[in-house]
Amino acid sequence: MIKVSDISTPLTMLKILTTPALHRPARCYFKAVFTKFFALQYKAARKPGLIPLAAVDHALDQTIPFSPKWVAIYLDFVPFWIRIIGFLLKTYQQKGLAAAANFIDTMAQLYISAAEVYARHLSTTRRPRYLGSPRFMVIHTFDPHLMCIPSLHVMVVIRAYTKFRAIVQAMGDGQRFGAELDAAQQHAIAITESLLYIKQHSINCVAAAMYAMTCFDALLFPQEEARRFVDALFATPDKDGRPLETRPDAVERVALQEHIWCLYQRFVEAGTKTTAWEEPLLAFLRESPAAL
Numbered sequence: 026m027i028k029v030s031d032i033s034t035p036l037t038m039l040k041i042l043t044t045p046a047l048h049r050p051a052r053c054y055f056k057a058v059f060t061k062f063f064a065l066q067y068k069a070a071r072k073p074g075l076i077p078l079a080a081v082d083h084a085l086d087q088t089i090p091f092s093p094k095w096v097a098i099y100l101d102f103v104p105f106w107i108r109i110i111g112f113l114l115k116t117y118q119q120k121g122l123a124a125a126a127n128f129i130d131t132m133a134q135l136y137i138s139a140a141e142v143y144a145r146h147l148s149t150t151r152r153p154r155y156l157g158s159p160r161f162m163v164i165h166t167f168d169p170h171l172m173c174i175p176s177l178h179v180m181v182v183i184r185a186y187t188k189f190r191a192i193v194q195a196m197g198d199g200q201r202f203g204a205e206l207d208a209a210q211q212h213a214i215a216i217t218e219s220l221l222y223i224k225q226h227s228i229n230c231v232a233a234a235m236y237a238m239t240c241f242d243a244l245l246f247p248q249e250e251a252r253r254f255v256d257a258l259f260a261t262p263d264k265d266g267r268p269l270e271t272r273p274d275a276v277e278r279v280a281l282q283e284h285i286w287c288l289y290q291r292f293v294e295a296g297t298k299t300t301a302w303e304e305p306l307l308a309f310l311r312e313s314p315a316a317l
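For the sequence shown, the positions run 26 to 317 when the numbering used here is used.
Listed below in structure tokens is the structure:
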């Protein structure tokens with residue numbers, strides 16, 4: 026049986042670029058990533074003060090040790106969803122093209138949605154300048170670290186596993202590929218944990234991203250799914266190549282989970298009182314201390 030983990034990322038990218046039905050979604054995705062993430066962030070980095078910048082660390086972040094070993098999992102957030110596309114194309118062939126195109130389209134929309142916050146208020150966290158591996162050198166070179174809330178990494182992996190599940194179930198294969206769907210969810214959790222271990226984000230950023238995803242697609246990521254997502258954080262030490270020695274203890278894990286959940290609920294509640302989904306996040310950023 027085909028496994029997502031066995032899919033080649035480079036070959037899938039080649040397949041996307043050589044499949045006419047996927048050309049437009051791919052162009053939209055690359056345009057969104059360039060204009061709404063890289064170009065906007067680099068412009069802000071070149072002109073400090075152009076957009077307000079908040080520090081969004083939380084005291085509980087200190088209970089999560091800095092662990093460079095997680096960087097490989099962290100950097101897998103884009104290859105992760107590309108492999109899922111490859112799985113859909115390989116499994117369903119022509120029948121899967123429309124679903125794959127929609128999948129890519131929605132990934133582009135995530136960047137566009139997140140930029141509704143970034144363009145008005147930037148955010149950052151304390152990040153060690155660790156240069157002990159080439160992967161960290163790449164991160165520090167290409168990421169000015171100004172777009173933490175909402176975390177696009179978390180938004181992307183949540184969309185990846187929930188959209189994957191919805192497509193497979195719509196094809197009538199939920200039971201057949203149950204193990205793959207579970208593995209996708211576990212990998213989304215691992216990537217979310219990784220960005221906390223390498224200090225690319227705060228737990229506040231995770232809650233904000235979860236709220237953004239409930240706004241983006243409440244059918245695929247309702248509050249019930251958000252609760253399951255939070256409950257799985259730091260709870261599975263023996264899967265996906267997670268470094269075992271970095272786990273928070275049981276008390277710390279509960280504190281981390283409950284903060285993320287309570288802040289998520291705070292955003293959701295605030296969102297019911299405004300017509301602009303991004304306003305609760307902007308209000309949080311305005312209330313946060315300015316980054317020095």
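Built from N, CA and C at the ideal position, the CB exists for glycine as well.
**Asked** Roughly how many angstroms lie between the CA atoms of residue 204 and residue 243, to the nearest whole one?
**Response** Within the sequence shown, numbered from 1, the residue matching residue 204 stands at position 179. Within the sequence shown, numbered from 1, the residue matching residue 243 stands at position 218. The straight-line gap from Cα to Cα measures roughly 24 Å.
**Prompt:** Helix, strand or coil for residue 79 per DSSP?
**Reply:** What you label residue 79 is simply residue 54 of the sequence shown in a count that begins at 1. Residue 79 falls in the strand class under three-state DSSP.
**Asked** Under the DSSP definition of a beta bridge, which residues are partnered with residue 315?
**Response** For the purposes of this step, residue 315 is taken as residue 290 along the sequence shown, with counting starting at 1. According to DSSP, residue 315 bridges with 79.
**Request:** State yes or no: is the C-beta of residue 109 within less than 8 Å of the C-beta of residue 179?
**Result:** Looking up residue 109 in the sequence shown gives position 84. Looking up residue 179 in the sequence shown gives position 154. The answer is no: Cβ separation not under 8 Å.
**Asked** Do you know how far the Cα of residue 312 is from the Cα of residue 285?
**Response** The count along the sequence shown starts at 1 and reaches residue 285 at position 260. The count along the sequence shown starts at 1 and reaches residue 312 at position 287. When the Cα atoms are used, residue 285 and residue 312 turn out to be separated by approximately 18 Å.
**Request:** Please work out which residues of its chain come closer than 6 Å, Cβ to Cβ, to residue 99, disregarding the five sequence neighbours upstream and downstream, and give them in chain order.
**Result:** By 1-based counting over the sequence shown, the position of residue 99 is 74. Excluding positions up to five away in sequence, the list reads 219, 220 and 223.
**Asked** Do residue 106 and residue 181 have their C-beta atoms closer together than 8 Å?
**Response** Mapped onto the sequence shown, residue 106 falls at position 81. Mapped onto the sequence shown, residue 181 falls at position 156. Contact: yes.
**Asked** Going by Cα to Cα distance, which pick from 102, 228 and 177 is closest to residue 134?
**Response** The count along the sequence shown starts at 1 and reaches residue 134 at position 109. For the residues 102, 228 and 177, the minimum Cα distance to residue 134 belongs to 177.
**Prompt:** Taking C-beta to C-beta, are residue 309 and residue 278 nearer than 8 Å?
**Reply:** Taking the first residue of the sequence shown as position 1, residue 309 is located at position 284. Taking the first residue of the sequence shown as position 1, residue 278 is located at position 253. Cβ atoms of residue 309 and residue 278: not closer than 8 Å.
**Asked** What residues are listed by DSSP as bridge partners for residue 172?
**Response** Here residue 172 refers to the residue found at position 147 of the sequence shown. Beta bridge pairing from DSSP links residue 172 with 148.
**Asked** For residue 192, does the count of other Cβ atoms within 10 angstroms reach 16, so buried, or fall short, so exposed?
**Response** Against the sequence shown, residue 192 aligns to sequence position 167. Under this definition residue 192 is a buried residue.
**Request:** Quick one: residues in its chain with C-beta nearer than 6 Å to the C-beta of residue 136, no 5 flanking neighbours on either side, listed in chain order?
**Result:** Numbered from 1 along the sequence shown, position 111 holds the residue referred to as residue 136. Closer than 6 Å at the Cβ level, and outside the excluded window around residue 136, lie 57, 58, 61 and 62.
**Request:** Could you tell me the distance, in whole angstroms, from the CA atom of residue 195 to the CA atom of residue 151?
**Result:** Taking the first residue of the sequence shown as position 1, residue 195 is located at position 170. Taking the first residue of the sequence shown as position 1, residue 151 is located at position 126. Between the C-alpha atoms of residue 195 and residue 151 there is a straight-line separation of about 42 Å.
**Message:** Which same chain residues end up closer than 7 Å to residue 154 when comparing Cβ atoms and leaving out the 5 residues on each side of it in sequence?
**Reply:** Position 129 of the sequence shown, counting from 1, holds the residue named residue 154. Answer for residue 154: 165, listed in chain order.
**Prompt:** Helix, strand or coil: which one does DSSP assign to residue 225?
**Reply:** Working through the sequence shown from its first residue, we reach residue 225 at position 200. Shown here, residue 225 sits in coil according to DSSP, grouped into three states, outside any helix or strand.
**Request:** Report the rounded CA-to-CA distance for residue 304 versus residue 146, giving the unit in angstroms.
**Result:** Counting from 1 along the sequence shown, the entry for residue 304 is found at position 279. Counting from 1 along the sequence shown, the entry for residue 146 is found at position 121. The alpha-carbon of residue 304 is positioned some 11 Å away from that of residue 146.
**Message:** Give the list of continuous beta strand (DSSP E) stretches no shorter than 3 residues that lie fully inside the region 28-111.
**Reply:** You should have 78-80.
**6 Å CB neighbourhood of residue 227 in its chain, flanking five on each side removed** = For the purposes of this step, residue 227 is taken as the residue at position 202 of the sequence shown. Scanning its chain for C-beta atoms nearer than 6 Å, with the 5 sequence neighbours on each side dropped, one finds around residue 227 the residues 81, 82, 83, 86 and 150, in chain order.
**Request:** Would you mind sorting residue 189 into buried or exposed? The rule is 16 or more other CB atoms within 10 Å of its CB.
**Result:** Counting from 1 along the sequence shown, the entry for residue 189 is found at position 164. Residue environment: residue 189 is assigned as buried (16 or more neighbouring CB atoms within 10 Å of its CB, all protein chains considered).
**Asked** Where residue 254 and residue 240 are concerned, what is the direct C-alpha to C-alpha distance, given to the nearest angstrom?
**Response** For the purposes of this step, residue 254 is taken as residue 229 along the sequence shown, with counting starting at 1. For the purposes of this step, residue 240 is taken as residue 215 along the sequence shown, with counting starting at 1. One C-alpha to the other measures close to 16 Å.
**Asked** How about residue 32 and residue 112: do their beta carbons lie closer than 8 Å?
**Response** The residue labelled residue 32 in the question sits at position 7 within the sequence shown. The residue labelled residue 112 in the question sits at position 87 within the sequence shown. When the beta-carbon positions are compared, residue 32 and residue 112 come within less than 8 Å of each other.
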